[in-house]
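Residue numbers (our numbering): 837 to 958.
We put the beta carbon where it would ideally sit given N, CA and C, even for glycine.
Note that the structure is a prediction, hence the values are computed from the model and not measured.
Scroll down for the structure; my scribbles are underneath it.
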Amino acid sequence: MTQSPLSGSSHYLALDFARALLAAGHSLQRVFFYQDAVYVGLNGQTPIQGQQPLLQAWQELAATHQVPLQLCIANALRRGVVDTTEQQRYNLPAETLASGFELAGLGEMASACQESDRVIRF
837 MTQSPLSGSS HYLALDFARA LLAAGHSLQR VFFYQDAVYV GLNGQTPIQG QQPLLQAWQE
897 LAATHQVPLQ LCIANALRRG VVDTTEQQRY NLPAETLASG FELAGLGEMA SACQESDRVI
957 RF
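Pasting the structure below:
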């Protein structure tokens, strides 16, 4: 994922694709969020009235199917999305990473690409 959850429909398309993939019996190794897509893991989001809450939708997918949701750590830090470790390291006021998400480096994405049959980008 590279697009911000605040614009476009790529997160909805990716969620629908992931659900269909899993329903058909395929496996999903992980979802890696890069660039502005890391905003999806920002805690405390309130969706527009009538809009599907993306944060909860990704969290439910991850919890139901044990799919890791990984945010690029460099992109997340730059955008203020931090876990407890980074919050303490940079002496920031609070952890902002939503539950169900984790920070990961590009090495994690590279590993997933090598271990997977296909890589799909939204």
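Give me the Cα-Cα distance between residue i and residue j, rounded to the nearest whole angstrom.
{"i": "Q924", "j": "V903", "result": "27 Å"}
{"i": "T900", "j": "I956", "result": "21 Å"}
{"i": "A934", "j": "A912", "result": "12 Å"}
{"i": "T932", "j": "A940", "result": "15 Å"}
{"i": "A910", "j": "L928", "result": "16 Å"}
{"i": "F868", "j": "G861", "result": "21 Å"}
{"i": "A946", "j": "G916", "result": "24 Å"}
With C-beta atoms as the reference, is residue i less than 7 Å away from residue j?
{"i": "Q892", "j": "R866", "result": "no"}
{"i": "V874", "j": "P841", "result": "no"}
{"i": "A850", "j": "F958", "result": "yes"}
Whose C-alpha, out of the options, is nearest the C-alpha of residue i?
{"i": "E951", "options": "S843, S863, M837", "result": "S863"}
{"i": "D784", "options": "V955, T920, A946, L890", "result": "With the chain running from 837 to 958 in the structure shown, residue 784 is simply not present."}
{"i": "E938", "options": "Y926, A898, C949, F958", "result": "A898"}
{"i": "G936", "options": "F868, S843, W894", "result": "W894"}
{"i": "Y870", "options": "G886, N879, M837", "result": "M837"}
{"i": "I884", "options": "A859, S843, E922, G943", "result": "S843"}
Please confirm if residue i has its CB atom under 7 Å from at least one CB of chain B.
{"i": "Y870", "result": "Judged by its chain identifiers, the structure shown contains no chain B, having just a single protein chain."}
Secondary structure at residue i, three-state DSSP: helix, strand or coil?
{"i": "F853", "result": "helix"}
{"i": "A940", "result": "strand"}
{"i": "L858", "result": "helix"}
{"i": "V876", "result": "helix"}
Subject >> Any alpha helix (DSSP H) of 4 or more consecutive residues that is wholly inside the stretch 881-914 >> reply: 890-901, 909-914
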